[in-house]
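Residues 0 to 162 in numbering that gives the first Met the number 0 are what the sequence shown lists, from first letter to last. Yeah, the Cβ is synthetic: ideal placement off N, Cα and C, and Gly gets one too. The structure presented is a predicted model; accordingly, all values stated were derived computationally and were not measured. Report on the following structure.
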Amino acid sequence: MKSKILEHYPPNDRSNLIALLQDVQEIYGYLPENDLRAIAEYLNISMSSIYGVATFYNQFRLTPLGKNIIRVCRGTACHVKSSANILTALETELGIKSGETTRDKNFTLETVACIGACSIAPVININEDYYGRATIKEIPKILAKYRKSESSKIESEKLVEKQ
Numbered sequence: 000m001k002s003k004i005l006e007h008y009p010p011n012d013r014s015n016l017i018a019l020l021q022d023v024q025e026i027y028g029y030l031p032e033n034d035l036r037a038i039a040e041y042l043n044i045s046m047s048s049i050y051g052v053a054t055f056y057n058q059f060r061l062t063p064l065g066k067n068i069i070r071v072c073r074g075t076a077c078h079v080k081s082s083a084n085i086l087t088a089l090e091t092e093l094g095i096k097s098g099e100t101t102r103d104k105n106f107t108l109e110t111v112a113c114i115g116a117c118s119i120a121p122v123i124n125i126n127e128d129y130y131g132r133a134t135i136k137e138i139p140k141i142l143a144k145y146r147k148s149e150s151s152k153i154e155s156e157k158l159v160e161k162q
C-alpha cells in the first residue's frame, strides 16, 4: 500500500476507515487484500470488520474492474422493453453474470437502476458510449467493437516489441 495514504490519518482511529478505503480504491480502482490487511493493522480493526464495511457500501469493489464497463439499465422503461433479455444475452456472450469481470479483464458487467435515457429504452452503456433501443441481435456486434479495439492494441504492442 502507498504508506503515504496512512500518513494522512492517525493510527488506531477507526472513524477514518471509510476515508482510507476510498483513498485506496481511488488509486487501484478496487480494494486489494494486502491493503485491507495494512489498514486493519494500522487502525487496529479486524479484517472481518473491514470486509463488513467494504461489502455494505456498494461504492467499494473487492476485485478489479475490466477495461470496458458495461451497464445495463433496469429502470422501469427499460424493464418494460425487455432489458432482462439484453442482460441475459450479454451474460451469455461474455460468459459472466452481472457484477462479474471476464477472465481477460476486458469486460465488467453491471446493472444500474436507471441510466436516464428512458426515451430510447432499453439502453446499455459501455464506458462513455450509449446504445439505445438495444436488441439481442446487436449484442455480438456491439461487443466485437470493444474486443477489436483490445486486439488492435495488443497487435500494436507486439509491433513495438519487434522494433
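Annotation: the continuous alpha helix (DSSP H) that includes Thr91 extends over Ser82 to Leu93. At a Cβ-Cβ threshold of 8 angstroms, Glu109 and Ile68 count as neighbours. By the criterion of at least three beta-carbon pairs nearer than 8 angstroms, the stretch 38 to 58 is in contact with the stretch 13 to 20. Residue range Glu32 to Leu42 is occupied by the alpha helix (DSSP H) that includes Asn33, with no beta strand (DSSP E) assigned at that position.
For Ala116, the CB contacts under 7 angstroms within the same chain, skipping 5 residues up- and downstream, are Val122, Tyr129 and Gly131 in chain order. In summary, Lys136 is exposed, with fewer than 16 beta-carbon neighbours lying within 10 Å of its beta-carbon over all protein chains present. Residue burial annotation: Ala53 is buried, with at least 16 other C-beta atoms found within 10 angstroms of its C-beta. Around Lys66, the same chain offers Asn105 as residues with beta carbons nearer than 6 angstroms, after the five sequence neighbours per side are excluded.
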